[in-house]
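Number of protein chains: 2
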Amino acid sequence: MRFDTRLSGMLHVLLHMVESGKPVTSEAMAGYLGTNAVVVRRTMAGLRDAGLVRSEKGHGGGWVVARAPSDVSLGDVYSALGSPTLFAIGNRNENPNCLVEKAVNASLGETLREAEALVVARLHNISLADVADTVGGGMEEFKRVMSKGFKDV
Amino acid sequence: MRFDTRLSGMLHVLLHMVESGKPVTSEAMAGYLGTNAVVVRRTMAGLRDAGLVRSEKGHGGGWVVARAPSDVSLGDVYSALGSPTLFAIGNRNENPNCLVEKAVNASLGETLREAEALVVARLHNISLADVADTVGGGMEEFKRVMSKGFKDV
DNA sequence: CTCTCACGTAACTTTATAAGTTTCATGAGA
DNA sequence: TCTCATGAAACTTATAAAGTTACGTGAGAG
């Protein structure tokens, strides 16, 4: 299975967008991620539909965060991506006739559901602002923007 | 990504092996799983190397569980499979230069590590015997074998 | 008005990996 | 010695994220 890095990637560019304070183009974000602008647009489309970001066409256009960073949780971003499958493992057959397999599914399924609930709860409890606060090193401009509060550009 | 069902599949056949009380062929297990005997052998190889099962060639051969079902945890089986990747999501780049990406990795990584630890702990806390106890419906032979304790065939 | 910038989207290719398949070798017992 | 069963190499298939190509649309700049 190739491993889904959309959440990781989108969080990365969202923080750069907050840092920038002005519209960031798909091309620039593709640069941050070492990927293609089309991949960025495709993935950002979910966040736009969820109201987390807005996009503007033309000169000076690009993407901006549509809410205060303290009001966007990692869980919001995860949901906006369509709540992609969290686990790489799982039950072979979700509706087996075999009683033994049903027992295995129940046991394994319960464990995974618990872990999923934990992850989703944690993600909803961390905001972009929280992550921004943990960015180390001389990011003065970043801290300036954050300390002044978010301006809805 | 195609989703890893080896743990689920192996637990299923292990319980059938316990139920049977005699060697079960790869062919029979492939029947339980709706798959191919070679897939079963390939996957069971890890459990054999970990000492959880033994295999015998020739007439009357097949696979047997090498320990008491109460002494084999789901975590043991997971480890024997090589502790396959648990999550379908993760960080894009584990060793970024970008400070923003480092902050994202730390935040997301911590959440996933916590959930992974929870899953592994839970799996180590459930034995094959525990799962067997939850098998519902008229599995008299199964219960008989379990109540008599495990015979090292 | 038109040129350029930037997003929107469809359609296709690439990549990684579990799963599945084919084939042959080896060893155990009837 | 014939059959059964595992062992293992080598190959194909399936799937979904990621990557690419190509073209359309709307918004400023000049």
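Keeping their order, the protein sequence lines are chains D and S. Per the working numbering, residue 3 is the first one in the first sequence, and the count goes up by one each step. Per the working numbering, residue 3 is the first one in the second sequence, and the count goes up by one each step. All C-beta atoms, glycine included, are put in the ideal place defined by N, C-alpha and C.
With 16 other CB atoms within 10 Å as the buried threshold, where does ASP78 (chain D) fall? That one is buried.
Would the C-beta of LYS59 (chain D) count as close to the ligand FAD, meaning under 7 Å from any of its heavy atoms? Only the bare structure without any ligand can be found here, which leaves the ligand FAD out of the picture.
Going by C-alpha to C-alpha distance, which of S:GLY36, S:ASN107 and S:GLY92 sits closest to PRO98 (chain S)? Of the residues S:GLY36, S:ASN107 and S:GLY92, the one whose Cα lies closest to the Cα of PRO98 (chain S) is S:ASN107.
Do you know how far the Cα of GLU112 (chain D) is from the Cα of LEU120 (chain S)? The straight-line gap from Cα to Cα measures roughly 12 Å.
Distance between beta carbons of THR27 (chain S) and ARG94 (chain D), contact taken as under 8 Å: Cβ atoms of ARG94 (chain D) and THR27 (chain S) stay farther apart than 8 Å, at about 19 Å.
Own chain, CB closer than 7 Å to GLY53 (chain D), minus 5 neighbours either side, in chain order: Answer for GLY53 (chain D): ALA68, listed in chain order.
Contact set between the region 60 to 92 of chain D and chain S, restricted to residues whose Cβ is under 8 Å from the partner: Listed by position, the residues of the region 60 to 92 of chain D near chain S (Cβ gap below 8 Å) are LEU76, PRO86, THR87, LEU88, PHE89, ALA90, ILE91 and GLY92.
For the region 21 to 54 of chain D, which segments carrying the alpha helix (DSSP H) assignment without a break, of at least 4 residues, lie completely within its bounds, in sequence order? You should have 28 to 35 and 39 to 51.
Which of helix, strand or coil does DSSP assign to SER85 (chain D)? Here DSSP, grouped into helix, strand and coil, assigns SER85 (chain D) to coil.
Just to make sure I have the definition right: I need the residues of chain S whose C-beta is within less than 8 Å of the C-beta of ALA105 (chain D). Which are they? Chain S residues near ALA105 (chain D): LEU17, VAL133, ALA134, THR136, VAL137 and GLY138.
Just tell me which of D:ARG50, D:SER75, D:SER81 and D:TYR80 has its CA closest to the CA of VAL66 (chain D). Relative to the Cα of VAL66 (chain D), the nearest Cα in the group D:ARG50, D:SER75, D:SER81 and D:TYR80 belongs to D:ARG50.
How long is the line joining the alpha carbons of HIS18 (chain S) and VAL122 (chain S), rounded to whole angstroms? If I take the Cα positions, the gap works out to 23 Å.
Which residues, in order along the region 119 to 132 of chain D, keep a beta-carbon less than 9 Å from a beta-carbon of chain S? Answer set for the region 119 to 132 of chain D: LEU120, VAL121, ARG124, LEU125, ILE128 and ASP132.
Residue from D:SER72, D:GLY23, D:GLY33 and D:MET46 with nearest C-alpha to SER81 (chain D): With respect to the C-alpha of SER81 (chain D), the residue from D:SER72, D:GLY23, D:GLY33 and D:MET46 having the closest C-alpha is D:MET46.
Could you tell me whether the Cβ atoms of ILE128 (chain S) and SER109 (chain D) are closer together than 8 Å? Closer than 8 Å, so yes.
Identify the residues that DSSP records as bridge partners of ARG56 (chain D): which are they? ARG56 (chain D) is bridged to D:VAL66.
Going by the beta-carbon positions, is the gap between PRO25 (chain S) and GLY60 (chain S) smaller than 8 Å? For the 8 Å CB-CB criterion, PRO25 (chain S) and GLY60 (chain S) do not form a contact.
is_contact[ALA117 (chain S), chain D] using C-beta, thresh 8 Å: With 8 Å as the cut-off, ALA117 (chain S) counts as an interface residue toward chain D.
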